[in-house]
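Asker:
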Amino acid sequence: MNRVFYIVLATAIVLLGSGAISLYIGKRCNTSEDWDVGGRSLPLYVTVGSQFATVMGGGMLVAHVGLGYSSGWATLTYGLFLSGVMFILSFFAKWFRSQEFTTIPDILERFYGKSKGLTLAAVLATIIVPFGWICTQLVAVSKLFSSLLGVSPVILIIIFAIISLLFVLPAGLASVAWTDFIFSCLMIVVSIGSLVFAFNMGGGVSNIFANIPPDIKAFPGSMTSVGWPTILLWMFAILPGGLTNQLYYQRIGAIKDIKYAKKSLIYSGLLILFAEFWAIYLGFSIRSMAPNLQPEMASAWFLDRLPIWFLAIYSGFLVATIISTIDSAIHAVVVNFTTDILGKVISTDSMDSKKRLHTSRVFAVGVTAAAVAIAVLFPQALKLLVLTYAFSASVLLAPIFLGYFYKDSDFLTIQGAIASMICGFLGCIVGMTLKTSVPYVLFGLVSSFISLILVSKFTKRESEAAEEKIDFQ
Numbered sequence: 018m019n020r021v022f023y024i025v026l027a028t029a030i031v032l033l034g035s036g037a038i039s040l041y042i043g044k045r046c047n048t049s050e051d052w053d054v055g056g057r058s059l060p061l062y063v064t065v066g067s068q069f070a071t072v073m074g075g076g077m078l079v080a081h082v083g084l085g086y087s088s089g090w091a092t093l094t095y096g097l098f099l100s101g102v103m104f105i106l107s108f109f110a111k112w113f114r115s116q117e118f119t120t121i122p123d124i125l126e127r128f129y130g131k132s133k134g135l136t137l138a139a140v141l142a143t144i145i146v147p148f149g150w151i152c153t154q155l156v157a158v159s160k161l162f163s164s165l166l167g168v169s170p171v172i173l174i175i176i177f178a179i180i181s182l183l184f185v186l187p188a189g190l191a192s193v194a195w196t197d198f199i200f201s202c203l204m205i206v207v208s209i210g211s212l213v214f215a216f217n218m219g220g221g222v223s224n225i226f227a228n229i230p231p232d233i234k235a236f237p238g239s240m241t242s243v244g245w246p247t248i249l250l251w252m253f254a255i256l257p258g259g260l261t262n263q264l265y266y267q268r269i270g271a272i273k274d275i276k277y278a279k280k281s282l283i284y285s286g287l288l289i290l291f292a293e294f295w296a297i298y299l300g301f302s303i304r305s306m307a308p309n310l311q312p313e314m315a316s317a318w319f320l321d322r323l324p325i326w327f328l329a330i331y332s333g334f335l336v337a338t339i340i341s342t343i344d345s346a347i348h349a350v351v352v353n354f355t356t357d358i359l360g361k362v363i364s365t366d367s368m369d370s371k372k373r374l375h376t377s378r379v380f381a382v383g384v385t386a387a388a389v390a391i392a393v394l395f396p397q398a399l400k401l402l403v404l405t406y407a408f409s410a411s412v413l414l415a416p417i418f419l420g421y422f423y424k425d426s427d428f429l430t431i432q433g434a435i436a437s438m439i440c441g442f443l444g445c446i447v448g449m450t451l452k453t454s455v456p457y458v459l460f461g462l463v464s465s466f467i468s469l470i471l472v473s474k475f476t477k478r479e480s481e482a483a484e485e486k487i488d489f490q
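In short: position in the sequence shown from 1, add 17, done, that's our numbering.
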């Protein structure tokens, strides 16, 4: 009972403190632009903290520590792909910020022109990743805390969904980003503290390294210990999936000073690498003390042996990390509905800022409720997360980046973009059906790139076709 009390107390303090900040931001920021892109006024440090907190999630706390436990420096290989997304995006950040985009369909409209079909297809491909994040993070946090607190996973899913929603409702990205920054500071402090405890429990760094198998501590040898097929799967899932993740683009669009857009991504990438080193050394420490665990149980084993006071703080850290991902994902999905579906497909141009803000909040409740239902009914949805990355990347990567490189020419067309999306989706399905050693996402990516080039070559922009028709008449 004492343990439960202290865990709940520490978590409540973290959430109430950051919640008060969220409400304060909500009172100051109450326009639709504040909701969508934080008023395009986020300082550099808030943008970096929000990017970092969003990426961390439950996977970093459970799966990555487990990977460090079982495979050592292979965790860094995964982290290099994850941070690589930030480093790659940094080359394009200044231009993307200067265009003041709000969503990925916004970006595609800039490259290809207005098309309800293109917008709708882009929305569907964009929302599957953040919506998948909401569901899987709810499942992860419910399983993690169910054993600690002795509470039903279903009840915990509902509780954490409501808490996450409360961080979104005050001001959308404005409140989400500022609370994410607070969460990220907590993450850094507590992760350093947890390593101090782990090293002390393990008898010091030298003793820890003496007690773990040579094959997982060898550097750089163990960076490939998971095998090249797995590394290739990571490469083709993480890089394309990250480069088409709207959450990262929204934070690029929200930073106040354009000249800091590139720096925000570089600093975020470095923080991600810091988190991977933390996961590796925590995994090493646990492996030295308990060599026969299932990797996914490594974090739970460590939690169960912490002093009550630090366990309580660490639990607040866990909650903050997971909620920072859930609230960011809720916000991203809602913006797609209001900006793209309502604003472009249904064309509700007459909706003023106040009404649009109210609509965003209503959608946020609906999206959260739908995610709760899926998380409760299909808790195995965690297995589907890699599918969402694969299909989203296959549909969006070619239109976004070929669109960027051809943005100053008339070569690419709306028809080509739509064909690229369809072929990317079908290519992924074909790759899954064939069950070859080649990652199925590669089939989708290649199909998408080729079809965009070929179809664009044999079609013309609608505006050009209309001009030719007028001239002919």
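Backbone N, C-alpha and C fix where the C-beta goes; we use that ideal spot for every residue, glycine too.
1) Near Trp295, which residues of its chain fall below 7 Å by C-beta distance, leaving aside the five closest residues on each side in sequence?
2) Determine the direct distance from the alpha carbon of Leu374 to that of Ser49, and round the result to whole angstroms.
3) Along the chain, where does the alpha helix (DSSP H) containing Thr385 start, and where does it finish?
4) Report back the beta-carbon spacing between Leu173 and Ser163 to the nearest angstrom; my notes put them in contact at under 8 Å.
5) Helix, strand or coil: how does DSSP classify Leu186 here?
6) Quick check on Leu32: buried or exposed, where buried means 16 or more other Cβ atoms within 10 Å of its Cβ?
7) What three-state label does DSSP hand Ile363 in the structure shown?
8) Using a Cβ-Cβ cutoff of less than 6 Å, which residues in the same chain neighbour Glu293 once the five nearest sequence positions on both sides are dropped?
9) Taking 9 Å as the cut-off, decide whether the C-beta atoms of Gly433 and Ile124 are in contact.
10) For Ser437, tell me which candidate among Gly134, Thr64 and Val25 has the shortest Cα-Cα distance.
11) Given 8 Å as the limit, is there contact between the region 98-109 and the region 309-327, that is, 3 or more CB pairs closer than that?
12) My guess is that Val185 and His348 are in contact by the Cβ rule of under 8 Å, so how many angstroms apart are they, rounded?
13) Tell me the DSSP secondary structure of Ile229 in three-state form.
14) Do Lys279 and Lys111 have their CB atoms nearer than 9 Å?
15) Would you identify the three-state DSSP class for Leu40, choosing helix, strand or coil?
16) By DSSP's criteria, Ile121 is part of a beta bridge. Which residues make up the other side?
17) Exposed or buried, which one is Phe442 when buried takes at least 16 other CB atoms within 10 Å?
18) Are the beta-carbon atoms of Leu469 and Ala381 separated by less than 9 Å?
19) If I measure Cβ to Cβ from Ala254 and keep anything under 8 Å in the same chain, skipping five residues before and after, which residues do I get?
20) How would you write the range of the alpha helix (DSSP H) that Lys280 sits in, first residue to last?
21) If we call anything under 9 Å between Cβ atoms a contact, is Ala138 one with Ile439?
22) Would you please state the rounded distance, in angstroms, between the beta carbons of Thr342 and Ser377? I believe it to be under 8 Å.
23) Bridge partners of Leu59, per DSSP?
24) Taking its Cβ as the centre, do 16 or more other Cβ atoms sit within 10 Å of Glu117, making it buried, or is it exposed?
25) In whole angstroms, give me the CA-to-CA distance for Ser305 and Ala227.
26) Suppose contacts are defined by Cβ-Cβ distances below 9 Å. Is Lys273 in contact with Pro60 by that definition?
27) Report buried or exposed for Ile225, applying the criterion of at least 16 other Cβ atoms within 10 angstroms of its Cβ.
28) Just mark Ile24 as buried or exposed, buried being the case when its beta carbon has 16 or more other beta carbons within 10 Å.
29) Counting C-beta neighbours from all protein chains within 10 Å, is the total for Val21 16 or more, i.e. buried, or is it exposed?
30) For Lys131 and Ile303, I'd like the C-alpha separation in whole angstroms.
31) Taking the alpha helix (DSSP H) that Met240 belongs to, which residues open and close that run?
32) Between Ile199 and the rest of its own chain, which residues show a CB-CB distance below 7 Å, the 5 nearest in sequence each way excluded?
33) Please work out which residues of its chain come closer than 7 Å, Cβ to Cβ, to Ile358, disregarding the five sequence neighbours upstream and downstream, and give them in chain order.
34) Roughly how many angstroms separate the alpha carbons of Leu399 and Gly286, rounded to a whole number?
35) Tell whether a beta-carbon distance below 9 Å holds between Ser316 and Val82.
36) At what residue ranges does the region 153-227 contain a whole run of the alpha helix (DSSP H), taking only runs of 4 or more?
Answerer: Taking the geometry as given:
1) Ser208 and Leu212
2) Straight-line Cα distance between these residues: approximately 5 Å.
3) Counting along the chain, the alpha helix (DSSP H) containing Thr385 begins and ends at Ser370 to Leu394.
4) For a cut-off of 8 Å, the C-beta gap from Leu173 to Ser163 is around 6 Å, short enough to register as a contact.
5) coil
6) buried
7) Coil.
8) Thr92, Leu93 and Gly96
9) In this structure, Gly433 keeps its C-beta atom at 9 Å or more from the C-beta atom of Ile124.
10) Gly134
11) no
12) The Cβ separation is near 5 Å, so the contact holds.
13) Residue state, collapsed to three classes: coil.
14) yes
15) helix
16) Bridge partners of Ile121: none, in fact.
17) buried
18) Taking C-beta atoms as the reference points, Leu469 and Ala381 fail to come closer than 9 Å.
19) Val403, Tyr406, Ala407, Ala410, Pro456 and Val458
20) Ala278 to Met306
21) yes
22) Rounded, the Cβ-Cβ distance is 19 Å, inconsistent with contact.
23) Ile272
24) exposed
25) 8 Å
26) yes
27) buried
28) buried
29) With a threshold of 16 other beta carbon atoms within 10 Å, Val21 falls short and is exposed.
30) 54 Å
31) For Met240, no alpha helix (DSSP H) run applies, since DSSP gives it neither H nor E.
32) Ser35 and Ile38
33) Val140
34) Only weak support exists for where Leu399 lies, its pLDDT of 47 falling under 50; the coordinates are left without a value.
35) A contact, by the Cβ cut-off of 9 Å.
36) 170-185, 190-218 and 222-227
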